[in-house]
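Some notes on the structure that comes next.
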Amino acid sequence: MSEPEAAGVPDTPVPGIPERIRTGLSAGVRTSRKIIKVTVPLYVGVALLKETPVLDRLGHLFGPVMGLFGLPGEAAFAFVAAFLINIYAAIAVIAPLHLTPFQVTQCGLMMGVAHNLVVEGGVLSSTGARGGVLTLCRILVCCAGGLLLRGMWHLWHAVASGPLAFPGPS
Amino acid sequence: MDALLAALLEALKLSGKLILIIVPLVTVFEVLRHLPVFRKAGNLVEPAMRGVGLTRDAAIPLFTGIFLGIVYGAGIIIRVAQQKGLSARDLFLMGLFLATCHSVVEDILIFMVIGGSGPAIFSMRLGLAVLLTGLTARVWKKA
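In order, the protein sequence lines correspond to chains A and B.
With my numbering, letter number 31 in the first sequence gets 31, and the count goes up by one each step, no holes.
With my numbering, letter number 122 in the second sequence gets 122, and the count goes up by one each step, no holes.
Now the structure itself:
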């Protein structure tokens, strides 16, 4: 693995188009299998739990923390799923909760920054970077980004609907 | 029983939508990523990368991570990082950027499927990544 290479480019032979399509499709199929395995059971589980008082009660517990980001308490489960498993698991938990567009956007930002922490932390470490510090950074950025987006969203709506409404860029 | 079936149907519909996004996305990326245009993209982004304190050696792992994600791009990221012998500073800055802003296409599309705003998520993530990495680079001076 120490062959000389062109500026900035790893020198591996370029496979032909059919070969690339095949590689892409097989990666896609692998991901699809993962998506179904994670999404279906979680979605069904959350949808069924939603009919019982369990989700509500547990949701109340996390209400104050999630409220900081403009999210309902139940969203805490989506964060657990995102942090420990991956974004598909989080989506599967969020979808049956029927959140507002802002709340989905908020989840998308926060979970986009911090998800699959265990596996990705491992990958970052194996490049030689400090995985633990970076994982901590992700959680901090996730929280800071969430607060920022909530503030900006409020401001936007205050400006867009208030007496100070922007006439729009002209 | 009805509730279970209804939930199962919805769950399969959601999975179907996600799969319809991911499979073409990964395939198209795989076909495009060897194009000469992309291989030369390193030159174009160099000024932008200097802005956040990174050298062009970090371009390939950085862009792989931004578009593909850390796990799917792991092979390329790890291999290039080792071949190039990136410094601890480069690795940390790259990691910080990627931690905040990776796998953008996929993550954002799947949140749009359930009703999120793609432009809002994308601009926030890119903005935060540039800001944080740029600030860190200015605090952590090159050795």
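Each residue gets a CB set at the ideal place from its N, CA and C atoms; glycine is no exception.
Cβ-Cβ separation, residue j to residue i (assumed contact under 8 Å), whole Å
i               : j               : result
I71 of chain A  : M124 of chain B : Looking at the sequence itself, residue 71 of chain A is Leu, so the reference to Ile does not match. With 8 Å as the limit, L71 of chain A and M124 of chain B do not qualify as a contact, their Cβ atoms being about 15 Å apart.
K13 of chain B  : V113 of chain B : Not really, about 10 Å apart at Cβ, beyond 8 Å.
H34 of chain B  : R20 of chain A  : 7 Å
L54 of chain B  : D2 of chain B   : Rounded, the Cβ-Cβ distance is 55 Å, inconsistent with contact.
V141 of chain A : L132 of chain B : 7 Å
A48 of chain B  : L86 of chain B  : Going by Cβ atoms, the distance from A48 of chain B to L86 of chain B rounds to 18 Å, so no, they are not a contact pair.
L49 of chain A  : L55 of chain A  : 5 Å
Beta-carbon proximity list for residue i, same chain, < 6 Å, skipping 5 on both sides
i               : result
A158 of chain A : none
V46 of chain A  : V93, P96
L62 of chain B  : M94
Within 7 Å, strictly: CB atoms of residue i and residue j
i               : j               : result
V80 of chain B  : A137 of chain B : no
A120 of chain B : T105 of chain A : yes
L126 of chain B : G145 of chain A : no
G28 of chain A  : V105 of chain B : no
G24 of chain A  : E46 of chain B  : no
A90 of chain A  : A76 of chain A  : no
G108 of chain A : F111 of chain B : yes
G115 of chain B : P101 of chain A : yes
I19 of chain B  : S26 of chain A  : no
F92 of chain B  : A160 of chain A : no
8 Å CB neighbourhood of residue i in its chain, flanking five on each side removed
i               : result
I87 of chain A  : M111, G112, H115, N116
G63 of chain A  : P72, G73
L171 of chain A : Any question about residue 171 of chain A goes unanswered here, given that chain A covers just 1 to 170.
Q83 of chain B  : none
G75 of chain B  : none
Other residues of its chain near residue i: CB distance less than 7 Å, five sequence neighbours each side excluded
i               : result
F122 of chain B : V104, I108
V130 of chain B : V52
T135 of chain A : L117, G121
V123 of chain A : none
L42 of chain A  : A81, A89, A92, V93
M66 of chain A  : P72, G73, A75, A76
S15 of chain B  : none
Notebook entry, point to check: If you pair each beta-carbon of the region 1–10 of chain B with each one of the region 23–39 of chain A, do three or more pairs fall below 8 Å?
Noted result: no
Next item on the list: Answer yes if the region 92–108 of chain B comes into contact with the region 53–70 of chain B, meaning at least three C-beta pairs across the two stretches below 8 Å, and no otherwise.
Entry: yes
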